[in-house]
Amino acid sequence: MIVYILCFVLFLVGLYGIITRRNLIKIAISLSIMEFSIFMILVSIGYIDNGVAPIVNPEAAEQVYVDPLPQAMVLTAIVIGLATKAMLMAIAIRLYRKYNTFDIREIKNLRG
Amino acid sequence: MEGMSTIVKKVTQLLAGIIFIYGIYIVLHGHITPGGGFAGGVIIAGAFILLILAFGSSALNLKKEVAGTSNTESVAILMVVILALMALLFGAKVFFSNFLAKGEPGELLSAGVIPLYNIFIGIEVAGAILTIFLALVIFKEEDSK
Amino acid sequence: MELSISIILGFMIIGAIYAIHARDLLSAVIAMGIVGFGLVICFLLLKAPDLAIVQIVVETITLVIMVAVVLDSTRKEIEVKTDMRSILQQVITFIFFAGLVYFFLGAIDNLDPLGAHTLRMSESYVTGAVEKTGSVNLVTGVLFDFRAYDTLGEAVILYTAALGVLTLLRIKGKKT
């Protein structure tokens, strides 16, 4: 139970960073922290005590495998997170070239 | 972006080939050991990124557009869709079915059409990550004035 | 097992709190690496080797891209002024936190404790998988045979992201 509560605390730290920070790079870092907490809680739900990694050994006897379904979903989600961060960095580069700052309040006030 | 010192260049020349072969091994044995298409694809991209970082962009003759990696990833994802459509002709006639023969579990040539999917997804992921890296890191020096 | 995962999660929380309060952008990006690489150790302790391979290489590539972006533009963090707007933001944040904590405590009553998971949805994926798909790796069998649509969607997302980055950063033609 304490693992779930600590993952939720990490989620709240990321949410605090998104709402209160003004720098665009800090917002991207906080989004990444929120995604990592969700990966952690998904994989730890599917864990079974004294289970082995989900590679079937054809000669061995009946063994208990950990759940492979959350692992497949988190594998997809990691690569999608990389695509999202790459687009966010491209937008940040364009904004810095045009307005010469990363502050989101200045960018909102200027009209290009 | 200029390159790094001579020691880094020599060590990278030795290591990049080993990392590339390791990535191909993880892609090909995706149905026997942990790994698969996505893990092998990002390792192959990592080998090329190591080479570009060590030698600098001035040593490579890069044209303005990323023609090579962009074409590679487009052809790879087209082959994935063609493989999925070919399953409409054989076996159980549904989209995306596993229509080749499943051999002995645990051999290298087994599991039907899964090794072919691993290879094409691996090439596609490596091409996409290399295109993103080249566009973000190398080509941002030229501005639109 | 629960004790070691809790210690590593504690380090990740300390690194995350430092990363959003750092004065220097380069230190913040490197502190984000603590969270990413601590996640790799947690995946290995939870018996998921596939995920550990992907996460360690993706985290390295992400750190290289972010350091390149930060070093090329600016390293200074904006000065924090406490005016009316920032106090209002903090109050709204804590109201959100109270609501989320209440719903989380209600949702956690239905979860089994760590390690006592009952396979309700994956019962049919684990028992007959080696005969139906032919692959010994269960995660690859689920990803490419039982749930192949998700894999196709993910490949399309990565392709679209590469296309989007090329479109955003292209060089405009010169007006003559």
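First to last, the protein sequences are chains E, Z and C. For the first sequence, our numbering begins at 1166 and goes up steadily by one. For the second sequence, our numbering begins at 638 and goes up steadily by one. For the third sequence, our numbering begins at 58 and goes up steadily by one. Using N, Cα and C, we set each Cβ at its ideal position, and we do this for glycine too.
Interface partners of Gln1236 of chain E on chain C, CB under 7 Å: Chain-ordered, the chain C residues with CB closer than 7 Å to the CB of Gln1236 of chain E read Ala105, Asp107, Leu108 and Val196.
Contacts that Gly667 of chain Z makes with chain E (C-beta to C-beta distance below 8 Å): Going along chain E, no residue has its Cβ under 8 Å from Gly667 of chain Z, so there is no contact; the nearest lies around 12 Å.
Within 8 Å of any Cβ in chain Z, is that where the Cβ of Ile1220 of chain E sits? Taking a beta-carbon distance threshold of 8 Å, Ile1220 of chain E counts as an interface residue toward chain Z.
Note the first and the last residue of the continuous alpha helix (DSSP H) segment covering Pro742 of chain Z. No residue range can be given for Pro742 of chain Z, since it is assigned to no alpha helix (DSSP H) and is classified by DSSP as neither H nor E.
Does the Cβ-Cβ distance between Met716 of chain Z and Phe757 of chain Z come in under 8 Å? Result yes, Cβ atoms of Met716 of chain Z and Phe757 of chain Z sit closer than 8 Å.
For a cutoff of 8 Å on Cβ pairs, would you count Ala1225 of chain E as touching chain C? Chain C has no Cβ within less than 8 Å of the Cβ of Ala1225 of chain E.
Assuming Val664 of chain Z and Gly677 of chain Z make a contact with CB atoms under 8 Å, what is their CB distance in whole Å? About 3 Å; that satisfies the 8 Å criterion.
Going by the CB atoms, is the gap between Ser179 of chain C and Leu1124 of chain E shorter than 8 Å? The structure shown has nothing for residue 1124 of chain E, since chain E only spans 1166 to 1277.
CB-CB length for Gly640 of chain Z against Ala691 of chain Z, believed under 8 Å: For Gly640 of chain Z against Ala691 of chain Z, the beta-carbon gap comes to about 6 Å, under 8 Å, which counts as contact.
Compare the Cα-Cα distances from Ile786 of chain Z to each of Z:Leu687, Z:Gly672 and Z:Ser642 and report the closest residue. The structure shown does not extend to residue 786 of chain Z, since chain Z is modelled only from 638 to 782, so the question has no answer here.
Leaving aside the five residues before and after Val1229 of chain E along the sequence, list all residues of the same chain whose C-beta is less than 8 Å from its C-beta, in chain order. If you ignore the 5 residues before and after Val1229 of chain E, its C-beta comes within less than 8 Å of the C-beta of Ile1213, Asn1215, Gly1216 and Val1217, all in its own chain and listed in chain order.
From Gly674 of chain Z to Thr217 of chain C, what distance separates their C-alpha atoms? Taking the Cα positions, Gly674 of chain Z is about 18 Å away from Thr217 of chain C.
Quick one: is Lys1250 of chain E near chain C, going by C-beta distance under 8 Å? It does: the Cβ of Lys1250 of chain E has a partner Cβ on chain C nearer than 8 Å.
Span separating the alpha-carbon of Thr1249 of chain E from that of Pro1223 of chain E: Rounded to whole angstroms, Thr1249 of chain E to Pro1223 of chain E spans 40 Å at the Cα level.
Using 10 angstroms around the beta-carbon of Thr224 of chain C, count the other beta-carbons present and answer buried if the total reaches 16, otherwise exposed. So Thr224 of chain C counts as exposed.
Have a look at Gly221 of chain C and His174 of chain C and give me their C-alpha separation to the nearest angstrom. Straight-line measurement puts the Cα of His174 of chain C at about 41 Å from the Cα of Gly221 of chain C.
Identify the continuous alpha helix (DSSP H) that holds Phe161 of chain C and give its terminal residues. Run containing Phe161 of chain C: Met141 to Ala164, per the alpha helix (DSSP H) assignment.
Distance cut-off 7 Å: Gly72 of chain C Cβ against heavy atoms of the ligand MN: The model depicted lacks the ligand MN and carries no ligand whatsoever.
Cα separation between Glu59 of chain C and Leu96 of chain C? Answer to the nearest angstrom: the Cα atoms are 15 Å apart.
Backbone CA spacing between Val1239 of chain E and Ile1190 of chain E [nearest angstrom]: Rounded to whole angstroms, Val1239 of chain E and Ile1190 of chain E show a C-alpha spacing of 25 Å.
Between Ile135 of chain C and Asn1274 of chain E, is the Cβ-Cβ spacing less than 8 Å? The Cβ atoms of Ile135 of chain C and Asn1274 of chain E do not sit closer than 8 Å to each other.
Of all the options Z:Ile760, Z:Leu746, Z:Leu773 and Z:Ser734, which has the alpha carbon lying nearest to the alpha carbon of Lys189 of chain C? Restricting attention to Z:Ile760, Z:Leu746, Z:Leu773 and Z:Ser734, the CA atom closest to the CA of Lys189 of chain C is found in Z:Ser734.
Assigned secondary structure, Val1217 of chain E (DSSP; H/G/I helix, E/B strand, else coil): Here Val1217 of chain E carries a strand assignment [DSSP, helix/strand/coil].
Evaluate Ser61 of chain C with the Cβ neighbour count: other Cβ atoms within 10 Å of its Cβ, from every protein chain shown; 16 or more gives buried, anything less gives exposed. By the neighbour-count criterion, in which 16 or more other beta carbons inside 10 Å mark a residue as buried, Ser61 of chain C falls on the exposed side.
Just curious, the alpha helix (DSSP H) that Gly793 of chain Z is in, first and last residue? Any property of residue 793 of chain Z remains undetermined from this structure, which presents chain Z solely from 638 to 782.
Kindly indicate if chain E contains any beta-carbon less than 8 Å away from that of Gly640 of chain Z. No, Gly640 of chain Z lies away from the interface with chain E (no Cβ there is under 8 Å from its Cβ).
Taking DSSP as the reference, what is the three-state secondary structure of Tyr1230 of chain E? Here Tyr1230 of chain E sits in strand by DSSP.
Sequence-distant residues of the same chain with beta carbon closer than 6 Å to Thr150 of chain C, five excluded per side: Nothing listed; no residue qualifies.
If you reduce the DSSP assignment to three classes, tell me which class Gly672 of chain Z lands in. In the three-state DSSP reduction, Gly672 of chain Z falls in the coil class, being neither helix nor strand.
Just by C-beta distance, which residues in the stretch 734-758 of chain Z are closer than 8 Å to chain C? Shown in chain order are the members of the stretch 734-758 of chain Z whose Cβ falls below 8 Å from a Cβ of chain C: Asn735, Lys739, Gly740, Pro742, Gly743, Ser747, Ala748, Gly749, Ile751, Tyr754, Asn755 and Ile758.
List the residues of chain C that Ile714 of chain Z touches, going by C-beta distances under 7 Å, in chain order. Scanning chain C for C-beta atoms nearer than 7 Å to the C-beta of Ile714 of chain Z yields Ala212 and Tyr216, reported in chain order.
Using a C-beta to C-beta distance shorter than 8 Å, which residues of chain E count as neighbours of Leu773 of chain Z? Within 8 Å Cβ-Cβ: Ala1251, Met1254, Ala1255 and Ile1258.
Where Phe25 of chain C meets chain E, residues with beta-carbon distance less than 8 Å: Chain C is shown from 58 up to 233; residue 25 of chain C falls before or after that span and cannot be answered.
Applying a beta-carbon distance threshold of less than 8 Å, which residues of chain E neighbour Phe161 of chain C? For Phe161 of chain C, the chain E residues whose Cβ falls inside 8 Å of its Cβ are Phe1173, in order along the chain.
Given Lys232 of chain C, which residues of its chain have a CB within under 8 Å of its CB, disregarding the five upstream and five downstream residues? At Lys232 of chain C the pLDDT is 48, less than 50, meaning the model places this residue with poor confidence; the figure from the coordinates comes in the next sentence. The answer is none, since no qualifying residue turns up.
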